[in-house]
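Input: a single structure, listed below in structure tokens.
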Ligand SMILES: Nc1ncnc2c1ncn2[C@@H]1O[C@H](COP(=O)(O)OP(=O)(O)OP(=O)(O)O)[C@@H](O)[C@H]1O
Ligand SMILES: [Mg+2]
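Residue numbers (the working numbering), protein chains in the order written: chain D, 375 to 882; chain S, 1213 to 1533.
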């Protein structure tokens, strides 16, 4: 396979990057051609984000060469990357929470216009707004949120604003690091259409994702990374999911969800007449011992709000929570943990990870009593052993358990948070998007852990935007629409079609 | 396990590397440039001077680690030292007077914490207001007659006495250092402090009552400021109405030089101790070298910037090199 020199837009050769204790990239070489979608896949910690950060000027490479249109370049900082036509959507949200969407999109490169002659210039608010609105409306029809601080908007809208920001720059390469994490099915479709449009305009796209299926809709070529090396680059036509997975993990694994039937026990969690004005209306549900209950719904339908209300993270106006037959007053997550309910929250960066703390400190922080010896002294040795055990079981990639979580890859941070909640050993575990950003191999691992938890008598309530995952694991599924539970399906009744119909309000 | 601990030590050692280097450089420089520096008398004197800021800075470090700030410590120091002195001047038993001073400091700190958590006033503003209030109260105490002639020999011994040839304040600071070190590194309280500072929302969702942690941290800061105030009043055997002014800035400087982050989530008790000693070293060195007052301020400022800069540089190297 030979390619004309002038078709190659971006070429990397021999890129190496070392962090203390980790060789993140080892001699990575790859080409990006004009107008192609190049997918980048690999297990958590394989080095995908590191490669991207080097391309966008956030990290400096230890060795190797980057060429843009045949010319060797040095990229120091995002401004230089943008000047070279490289625009990036990072894995971790990077918007300024107090600024509005428009301000964020044009941060550092505000448009100006002349007010008095050429000398006095002011920001051209109108044009910045119009351009932002034009791009934003491709995803959401209503633009009323564009002037609100983005910190007040939900995760999905933040994602979209980041995408808008990347696209508003005049660029020849757009890099997207897991842009669809936490996006619902139809929102992904919108994004894909957009990517195809960009591609048709001759823009190249580097696309990182753990959703292997979507790559086959989008990518021209797929590069597989493992342990900091690029293992292979293949044309989409020449491969399939199983082939990709075996290259990623270097062994055969099954990526099918196998749900074993567990005998159901008594009702562990019962929630009745839960109301939060303007958000949740008359929510009633229960979860039994040994049961996995799913909540389906579109973004904004109130799934996250429901589970947050149950653990007391958000205020409620009415509602009763009964755990193991005992009514409980839950006004804070602390009360919830004491009652035996744990919530793994949706937004890793904002609500989950304590990035300045170490892996072991993160794992034990929600159940510190269990490593507390006499007189409030922490048993650090015990803590280390516990953490090492979880690191092994979940395959968390870290040089040691005393590494700060800040230095872990996104998917590995998610695993640490999972470990934290598993270690609380509650009666009911609530998961809000548990596998976002987790690679295929580890997903199976997480499903096994969830299965093990219910087998041992736990109960699970799960929110997920990924229908296959939700349908594969759940014994029962509730569907939400506009803050209400509109329907309940048993495992046998649930199909993608009827869930989507109720979720989108088609039953009304 | 072994390789793990070794790596950990290496990383931690690097994190405190910058300040230690500065400390050594200053030490060597002063030993060479002044013949009076490296004498037992001067070194004890120097350590002794560092103690007052150090005690305050330990508390401030806890507050900074939660992502807060405490500007009231200088005034609390003055007020609590003053109240202890005033009580003794009016015949109260020494230990009762000390206890009252410590209690007052703790209460003021807890009050700061309540205002911050319940009324949701920013720590900067709340403690800035307390800076004025506490100072005003001390002025009221001293309005009719100055607080002096209260120090009994036992009370003066606290700050002026020696034990095993080492000044009492140094022993006291050592004890407080050990307690704070233990609190910060080995108890759930210390763990929760950095958790709150690292990500308050995540800490809350992990079942930590963030409000109670914050209130306790400010109370601790008040308690330590009060202890420094009482010690200072024993040292000076009189309480001027302006005692402790601008201590809050020295304390914050000591903490930050020692690697504490002003954005929370990161602190070090050892770092604070080194930071406070560096500040004392600078002032002692400038005294010995008879540097003119104007230059003193400029040089002090420059050394603080260099110290923090070197620490930041070496600790980020440790992470990304
Ligand atoms: N700043 C850093 N300091 C130390 N180690 C780091 C740093 N950034 C990344 N690493 C390590 O480098 C390796 C590669 O990380 P990277 O973020 O590139 O993985 P990734 O392929 O994007 O994974 P994921 O799918 O989980 O996002 C990981 O082992 C990670 O722990
Ligand atoms: Mg990544």
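Glycine residues also receive a C-beta, built at the ideal position from the N, C-alpha and C atoms.
Original post:
Using a threshold of 7 Å, is the CB atom of residue 459 of chain D nearer than that to any non-hydrogen atom of ligand 3?
Top reply: Although ligand 3 was asked about, the structure shown includes only ligand 1 and ligand 2 as ligands.
Subject >> Beta carbon of residue 784 of chain D nearer than 8 Å to that of residue 439 of chain D >> reply: no
Original post:
Using a beta-carbon distance cut-off of less than 8 Å, what residues from the region 1405 to 1416 of chain S approach chain D?
Top reply: 1406, 1407, 1409, 1410, 1411, 1413, 1414, 1415, 1416
**OP:** Using 10 angstroms around the beta-carbon of residue 1402 of chain S, count the other beta-carbons present and answer buried if the total reaches 16, otherwise exposed.
**Re:** buried
Original post:
Residues of chain S with CB under 9 Å from residue 727 of chain D, in chain order?
Top reply: 1410, 1411, 1414
Original post:
Nearest to residue 430 of chain D by CA position, among D:446, D:403, D:463, D:695, is which residue?
Top reply: D:463
**OP:** Please classify residue 1353 of chain S: is it buried, with 16 or more other beta-carbons within 10 angstroms of its beta-carbon, or exposed?
**Re:** buried
**OP:** Mind checking who residue 806 of chain D pairs with in its DSSP beta bridge?
**Re:** D:837
Original post:
Quick one: is the Cβ of residue 436 of chain D within less than 7 Å of any heavy atom of ligand 1?
Top reply: no
Subject >> Helix, strand or coil at residue 1538 of chain S [DSSP, three-state] >> reply: Chain S is shown only over 1213 to 1533; residue 1538 of chain S falls outside these bounds and no answer can be derived.
Original post:
Does any CB atom of chain S fall closer than 8 Å to the CB of residue 744 of chain D?
Top reply: no
Subject >> Cβ distance (whole Å) where residue 710 of chain D is taken to contact residue 779 of chain D below 8 Å >> reply: Actually they do not touch by this definition, with Cβ atoms about 23 Å apart.
Subject >> Supposed close pair residue 565 of chain D, residue 596 of chain D - CB separation, criterion 8 Å >> reply: About 18 Å; that fails the 8 Å criterion.
Original post:
Does the beta-carbon of residue 1336 of chain S have 16 or more other beta-carbons within 10 angstroms, so that it is buried, or is it exposed?
Top reply: exposed
Subject >> Near-chain D residues of the region 1470 to 1500 of chain S - C-beta to any C-beta below 9 Å >> reply: 1473, 1476, 1477, 1478
**OP:** For residue 820 of chain D, collect the residues of the same chain with a Cβ closer than 7 Å to its Cβ; drop the 5 residues on either side in sequence, then sort them by chain order.
**Re:** 792, 808, 809, 812
Original post:
Mind checking residue 474 of chain D: buried by the 16 CB within 10 Å criterion, or exposed?
Top reply: buried
**OP:** Compare the C-alpha of residue 480 of chain D against each of D:423, D:541, D:445, D:525 and name the closest.
**Re:** D:541
Original post:
residue 1410 of chain S by DSSP, collapsed to three states: which one?
Top reply: helix
Original post:
Can you list, in chain order, every residue whose CB sits closer than 7 Å to a heavy atom of ligand 2?
Top reply: D:422, D:423, D:465, D:551, D:552, D:582, D:783, D:784, D:785
**OP:** Jot down the residue ranges of each uninterrupted alpha helix (DSSP H) in the region 690 to 743 of chain D, minimum 4 residues, whole runs only, in chain order.
**Re:** 707 to 713, 733 to 738
**OP:** Using a Cβ cut-off of 7 Å, pull out every chain S residue sitting near residue 697 of chain D, in sequence order please.
**Re:** The premise fails here: residue 697 of chain D is roughly 15 Å from chain S at the closest Cβ pair, so nothing lies under 7 Å.
Original post:
Hey, quick one: how far does the beta strand (DSSP E) through residue 660 of chain D stretch, first residue to last?
Top reply: 654 to 662
Original post:
Is residue 793 of chain D near ligand 1, going by C-beta to nearest heavy atom under 7 Å?
Top reply: no
Subject >> Backbone secondary structure at residue 1342 of chain S - three-state DSSP >> reply: helix
**OP:** Indicate, with yes or no, if ligand 1 has a heavy atom lying under 7 Å from the CB of residue 733 of chain D.
**Re:** no
Original post:
Straight-line CA distance for residue 644 of chain D to residue 823 of chain D?
Top reply: 23 Å
Original post:
Among the residues of its own chain, which have a CB less than 7 Å from the CB of residue 451 of chain D, if the five just before and after it don't count?
Top reply: 431
Original post:
In angstroms, rounded to a whole number, what distance separates the CA positions of residue 576 of chain D and residue 408 of chain D?
Top reply: 6 Å
Original post:
At a Cβ threshold of 8 Å, is residue 1513 of chain S touching chain D?
Top reply: no
Original post:
Is any heavy atom in ligand 1 found nearer than 7 Å to the beta carbon of residue 398 of chain D?
Top reply: yes
Subject >> Within chain D, partners of residue 1332 of chain S - CB distance below 9 Å >> reply: Here the premise fails: no neighbours, minimum Cβ distance about 15 Å.
Original post:
Under a CB-based cut-off of 8 Å, is residue 1434 of chain S close to chain D?
Top reply: no
Original post:
Using a Cβ-Cβ distance under 8 Å, would residue 1347 of chain S count as near chain D?
Top reply: no
Original post:
Using Cβ-Cβ distances below 9 Å, what residues of the region 1418 to 1432 of chain S are close to chain D?
Top reply: 1418, 1419, 1420, 1421
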